[in-house]
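*Asks:* Residue numbers (this note's numbering): 12 to 625. Would you mind keeping the following structure in view while I ask a few things?
What follows is the structure, encoded as structure tokens:
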């Protein structure tokens with residue numbers, strides 16, 4: 012009775028359908044205050060009542076060899092994205108360990124996310140506002156009389172606004188549909204997509220600065236090495252942003268089929284590493300990977316050992332970077348960037364995936380095995396090629412050498428369709444109608460209750476060569492993922508005691524081919540949903556059900572097609588963001604100066620690959 016009461020009290024203090032109105036008002040007040048400061052700063056700068064932004068930007072610009080309207084937004088964006096990434100991984104770890112928040116402002120990680128995303132938006136606004144009495148690059152957009160804005164600033168601000176908008180919409184979403192306890196909730200994807208793609212705006216802003224009025228009069232006193240490191244950090248940041256989508260796999264709590272993990276890793280590697288190599292020259296892919304590994308490694312140390320939460324893992328990408336660099340030594344392929352991107356994608360999907368295969372066995376409890384070998388490799392090749400083509404387009408856009416519009420649009424749309432097809436395939440999962448699990452529970456401790464569990468699946472041949480048969484226990488002040496040991500036909504047992512008490516949610520999870528299902532073992536009562544306790548009883552037999560019924564038990568049923576309509580709206584906004592970014596890259600590429608654009612060169616002509624190339 013005391014255990015049940017404690018679970019009910021915990022549920023009462025953790026709302027399952029949106030935050031308390033007081034916290035919503037406070038968060039809204041913080042947002043308005045930050046916006047007022049930003050708008051006031053822009054007004055004072057544009058009316059020349061203050062020179063603070065010009066002085067700060069000028070000092071940063073002298074150190075980096077770009078105008079102040081590039082230097083200050085670049086520094087602000089970099090710091091903001093790092094803060095937001097730390098907050099996001101910390102937030103995921105907290106939710107896995109303790110479950111729902113008592114409110115959005117009761118979670119310290121939310122502050123980092125909020126301030127980080129606002130910093131990205133503010134950087135875009137500053138990039139558009141800081142240029143005075145000058146045209147900020149050849150692709151600038153005329154805003155009003157005497158005010159031209161860089162296209163990179165527009166993309167940066169738009170992506171930051173899109174990400175920031177996901178923060179309040181997330182609360183609205185929870186009020187309508189309950190808590191979608193997954194990284195891939197639509198509003199969560201808004202946060203991730205906007206933040207990750209904001210890097211493209213930063214890359215264009217970097218190039219616009221070198222075509223505009225530089226603080227060192229075009230002498231580039233910062234030197235090739237400094238520029239190489241700055242560009243490598245930006246491409247590494249793009250790799251960081253694209254890798255956020257894999258977050259659930261990094262924590263060993265994926266709610267989707269395992270083939271999506273190599274798919275996402277290969278897609279991120281194809282886009283970021285191919286773009287880095289073609290844009291930066293020799294060593295670009297390795298530099299971007301090194302930046303990624305350093306940042307993700309440091310954040311893992313902060314979230315895990317320092318903050319005492321669940322430590323996130325991360326992909327290696329080193330094998331993919333090496334094959335991209337080796338492939339680039341073949342001059343004929345480098346002369347044909349789109350062909351290079353496609354071939355690099357195939358190598359990333361095969362050789363690169365093989366290195367990630369080994370890495371998962373070192374770092375993940377749910378490592379890749381033969382169950383995902385064929386389909387996972389095919390998915391990785393598909394994503395690698397699509398990502399490689401997109402990376403080649405991005406690099407050509409940054410070098411002002413995009414192919415003719417018909418070719419560029421065809422490649423862009425075909426790559427996006429391929430990615431959408433791969434995601435759709437990965438999301439398709441089935442639940443068998445006739446599978447049951449019988450649990451033999453042997454208590455190890457009684458207070459708190461932990462137990463060794465033996466599972467007998469019926470029929471005994473329910474699984475063949477599964478990706479996993481495991482027990483996950485989470486949201487009870489920690490995480491336990493136990494990959495079960497097979498001891499007989501359809502019979503498995505735990506390798507360590509699992510918790511069956513208080514707020515822990517403990518369930519059997521099975522993934523075999525396209526089958527993905529769960530069987531609850533112990534779930535606490537939750538009055539906020541509401542839901543009754545599912546007790547852990549020795550000898551109990553339960554049927555297989557869809558995983559989402561257990562992992563996301565807080566979700567509400569929605570009638571009238573509201574759920575589908577809301578998802579379509581988010582999808583439409585995301586496609587609009589991608590279209591806007593594509594417009595920006597195309598505008599920058601086609602409006603460059605004749606000395607840098609090579610306007611008469613065919614798409615397969617040589618691309619300068621040195622660090623100091625135009």
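Ideal Cβ positions, reconstructed from N, Cα and C, are used throughout, including at glycine.
Could you give the uninterrupted runs of the beta strand (DSSP E) lying entirely in the region 83 to 129, keeping only those of 3 residues or more?
*Replies:* The region 83 to 129 contains no whole beta strand (DSSP E) run of 3 or more residues.
*Asks:* Cβ atoms of residue 540 and residue 564: under 8 Å apart, would you say?
*Replies:* Taking 8 Å as the Cβ cut-off, residue 564 and residue 540 qualify as a contacting pair.
*Asks:* Indicate whether residue 443 and residue 473 have their beta-carbon atoms separated by less than 8 Å.
*Replies:* The answer is yes: Cβ separation under 8 Å.
*Asks:* The alpha helix (DSSP H) spanning residue 152 covers which residue range?
*Replies:* No alpha helix (DSSP H) contains residue 152, which is instead part of the beta strand (DSSP E) from 152 to 155.
*Asks:* Mark residue 488 as exposed unless 16 or more other C-beta atoms lie within 10 angstroms of its C-beta, in which case mark it buried.
*Replies:* Exposed, since its Cβ has fewer than 16 Cβ neighbours within 10 Å.
*Asks:* Report yes if the C-beta distance between residue 83 and residue 68 is below 8 Å; otherwise report no.
*Replies:* It is a contact, given that the beta carbons lie within the stated cut-off.
*Asks:* Ordered along the chain, which non-local residues of its own chain (more than five positions away) have a Cβ less than 8 Å from that of residue 437?
*Replies:* These residues qualify, in order along the chain: 267, 268, 270, 271, 274 and 390.
*Asks:* Could you name the residues of the same chain whose beta carbon sits closer than 6 Å to that of residue 545, not counting the 5 residues immediately before and after it, in chain order?
*Replies:* 531 and 534, listed in sequence order.
*Asks:* For residue 261, count the other beta carbons within 10 Å of its own beta carbon; 16 or more makes it buried, fewer makes it exposed. Which is it?
*Replies:* With 16 or more Cβ atoms within 10 Å of its Cβ, residue 261 is classed as buried.
*Asks:* If we call anything under 8 Å between Cβ atoms a contact, is residue 201 one with residue 581?
*Replies:* Yes. Within cutoff.
*Asks:* Could you check the C-alpha separation between residue 66 and residue 221 for me, to the nearest Å?
*Replies:* If you take the alpha carbons of residue 66 and residue 221, they lie about 19 Å apart.
*Asks:* Is the beta carbon of residue 107 sitting closer than 8 Å to the one on residue 264?
*Replies:* Going by C-beta atoms, residue 107 is nearer than 8 Å to residue 264.
*Asks:* Give the DSSP bridge partners of residue 467, in chain order.
*Replies:* Residue 467 pairs with 449 and 502.
*Asks:* Just to confirm, is the Cβ distance from residue 446 to residue 480 under 8 Å?
*Replies:* Result no, Cβ atoms of residue 446 and residue 480 do not sit closer than 8 Å.
*Asks:* Compare the Cα-Cα distances from residue 549 to each of 382, 421, 305 and 462 and report the closest residue.
*Replies:* Among 382, 421, 305 and 462, the Cα nearest to that of residue 549 belongs to 462.
*Asks:* Span of the beta strand (DSSP E) holding residue 553?
*Replies:* 552 to 554 is the span of the beta strand (DSSP E), which, as asked, contains residue 553.
*Asks:* Can the beta-carbon of residue 182 be found less than 8 Å from the beta-carbon of residue 199?
*Replies:* Taking 8 Å as the Cβ cut-off, residue 182 and residue 199 do not qualify as a contacting pair.
*Asks:* Following the continuous beta strand (DSSP E) through residue 421, name the residue where it begins and the one where it ends.
*Replies:* Careful: residue 421 lies outside any beta strand (DSSP E), inside the alpha helix (DSSP H) at 416 to 438.
*Asks:* If you check the beta carbons only, do residue 126 and residue 175 fall under 8 Å apart?
*Replies:* Cβ atoms of residue 126 and residue 175: not closer than 8 Å.
*Asks:* From residue 400 to residue 543, what does the alpha carbon distance come to, in whole angstroms?
*Replies:* One C-alpha to the other measures close to 51 Å.
*Asks:* Specify whether the region 369 to 379 and the region 400 to 410 touch according to this definition: at least 3 beta carbon pairs, one from each stretch, less than 8 Å apart.
*Replies:* Because the criterion of three Cβ pairs below 8 Å is not met, the region 369 to 379 and the region 400 to 410 do not touch.
*Asks:* Given a cut-off of 8 Å, decide if residue 398 and residue 279 are closer than it, judged by their beta-carbon atoms.
*Replies:* Cβ atoms of residue 279 and residue 398: closer than 8 Å.
*Asks:* Below 8 Å, how does it come out for the region 303 to 321 and the region 351 to 358: are there three or more Cβ pairs, yes or no?
*Replies:* With a cut-off of 8 Å, the region 351 to 358 and the region 303 to 321 do not count as touching, because too few Cβ pairs lie within range.
*Asks:* Taking residue 190 as the reference, which of 593, 602, 562 and 246 has the closest Cα?
*Replies:* For the residues 593, 602, 562 and 246, the minimum Cα distance to residue 190 belongs to 562.
*Asks:* Are the Cβ atoms of residue 253 and residue 207 separated by less than 8 Å?
*Replies:* Yes, the Cβ-Cβ distance between residue 253 and residue 207 is below 8 Å.
*Asks:* Any idea if residue 527 is buried or exposed, counting beta-carbon neighbours within 10 angstroms, 16 or more meaning buried?
*Replies:* Buried: at least 16 other Cβ atoms inside 10 Å.
*Asks:* So residue 595 and residue 203 are supposed to be a Cβ contact under 8 Å. How far apart are they, rounded?
*Replies:* Rounded, the Cβ-Cβ distance is 20 Å, inconsistent with contact.
*Asks:* Among the residues of its own chain, which have a CB less than 6 Å from the CB of residue 307, if the five just before and after it don't count?
*Replies:* Taken in chain order, the residues that qualify are 325.
*Asks:* Where residue 597 and residue 60 are concerned, what is the direct C-alpha to C-alpha distance, given to the nearest angstrom?
*Replies:* Their backbone Cα atoms lie some 36 Å apart in a straight line.
*Asks:* Going straight from the alpha carbon of residue 170 to that of residue 259, what length do you get?
*Replies:* Approximately 23 Å, taken between the alpha carbons.
*Asks:* Helix or strand or just coil, what does DSSP make of residue 585?
*Replies:* Residue state, collapsed to three classes: helix.
*Asks:* Residue range of the alpha helix (DSSP H) that residue 361 falls in?
*Replies:* From DSSP, residue 361 is part of no alpha helix (DSSP H); its letter is neither H nor E.
*Asks:* With 16 other CB atoms within 10 Å as the buried threshold, where does residue 56 fall?
*Replies:* Buried is the call here.
*Asks:* Going along the chain, which unbroken runs of the beta strand (DSSP E) with 3 or more residues stay wholly within the region 228 to 264?
*Replies:* The region 228 to 264 contains no whole beta strand (DSSP E) run of 3 or more residues.
*Asks:* Apart from the five residues just before and just after residue 211, which ones in its own chain have a Cβ nearer than 8 Å to its Cβ?
*Replies:* Within the same chain, residue 211 has close Cβ partners 166, 170, 249, 405, 592, 595 and 596.
*Asks:* Count the other CB atoms within 10 Å of the CB of residue 587; is the residue buried (16 or more) or exposed (fewer)?
*Replies:* With fewer than 16 Cβ atoms within 10 Å of its Cβ, residue 587 is classed as exposed.
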